[in-house]
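Line by line, the protein sequences give chains C and L.
Per the working numbering, the first sequence runs over residues 1 to 114.
Per the working numbering, the second sequence runs over residues 1 to 112.
Note that beta-carbon positions come from the ideal geometry of N, C-alpha and C, so glycine has one too.
Scroll down for the structure; my scribbles are underneath it.
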Amino acid sequence: DGGITQSPKYLFRKEGQNVTLSCEQNLNHDAMYWYRQDPGQGLRLIYYSQIVNDFQKGDIAEGYSVSREKKESFPLTVTSAQKNPTAFYLCASSTGDRVSYEQYFGPGTRLTVT
Amino acid sequence: DQQVKQNSPSLSVQEGRISILNCDYTNSMFDYFLWYKKYPAEGPTFLISISSIKDKNEDGRFTVFLNKSAKHLSLHIVPSQPGDSAVYFCAATTGTASKLTFGTGTRLQVTL
């Protein structure tokens, strides 16, 4: 079955530590995205990548970093510089071909930093 | 600046009745709109979309209406079912990098 996997489902870290969230897709999609969801808010774009070895900042990129070394993988690192890292993080992918703008989402990772 | 707005945080509808979820946008460059459904602690799932060249798109119980002059779209669910209870997000794109701008969501509760 094709889809997007995110691991782990729940993640706990101490303040001051960097943490990397995994996102893998086997949909053969070119474009991948990272969003953050906070209670009562919509999804806010952190970073996106339209092609391997290239990525752009979204609306709230400060305190985050990404890499796109493989088409299938788009890991997100939440650094200690991120002031409010506790949130629900969602990874998505799309064909990026401007024919269909539909994005497919993974199940999400809930990160709690204390 | 919230370019996509869902002004009703919640909506309660009886089973079998029509649910109408609304969405307003400010960016006139948006030319494609999508609705997503989300259950707690899960990723959103795509429901239905509409291009700006259309004013209506229908898929089973779900219909999306677009009023470009008013910069308004709505999602109609008929008939509503208990399994429709979820948070619904409206999203829009100008087509650039296939980026989506999401609204804040409306929580739909379908009661028996």
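- Between residue 11/C and chain L, the shortest Cβ-Cβ separation is not below 8 Å.
- Listed by position along chain L, the residues whose Cβ is nearer than 7 Å to that of residue 36/C form an empty set, because the closest Cβ is around 11 Å away.
- Residue 25/L and residue 92/L do touch by the CB rule: their CB atoms are close to 5 Å apart, below 8 Å.
- Residue 39/C counts as exposed, since fewer than 16 other C-beta atoms from the protein chains shown sit within 10 angstroms of its C-beta.
- Under the Cβ criterion of 8 Å, residue 66/L is not counted among the residues facing chain C.
- For residue 26/L, no Cβ of chain C is located within less than 8 Å of the residue's own Cβ.
- Residues of chain C with a Cβ closer than 8 Å to the Cβ of residue 85/L do not exist; the shortest Cβ-Cβ separation is about 18 Å.
- The Cβ neighbour count for residue 32/C, taken over all protein chains shown within 10 Å, is at least 16; the residue is labelled buried.
- Closest option to residue 9/C, judged by alpha-carbon separation, among 100/C, 89/C, 41/C and 94/C: 89/C.
- Around the Cβ of residue 85/C, a 10 Å sphere holds 16 or more other Cβ atoms; the residue is buried.
- The beta-carbon separation of residue 88/L and residue 60/L, rounded to 16 Å, does not stay under the 8 Å limit for a contact.
- Chain C has no Cβ within less than 8 Å of the Cβ of residue 60/L.
- Distances from the CA of residue 73/C to each of 111/C, 81/C and 55/C were compared; the closest alpha carbon is that of 55/C.
- Assigned with DSSP and collapsed to three states, residue 84/L falls in helix.
- Against chain C, the CB of residue 100/L has a partner CB under 8 Å away; the residue lies at that interface.
- In terms of Cβ geometry, residue 12/L and residue 109/L form a close pair [threshold 8 Å].
- Going by C-alpha positions, residue 111/L is about 22 Å away from residue 45/L.
- When only Cα atoms are considered, residue 70/L and residue 64/L end up about 15 Å apart.
- The three-state secondary structure of residue 28/L, taken from DSSP, is coil.
- Residue 68/C counts as buried, since no fewer than 16 other beta carbons sit within 10 angstroms of its beta carbon.
- When Cβ-Cβ separations below 8 Å define contact, residue 43/L makes contact with chain C.
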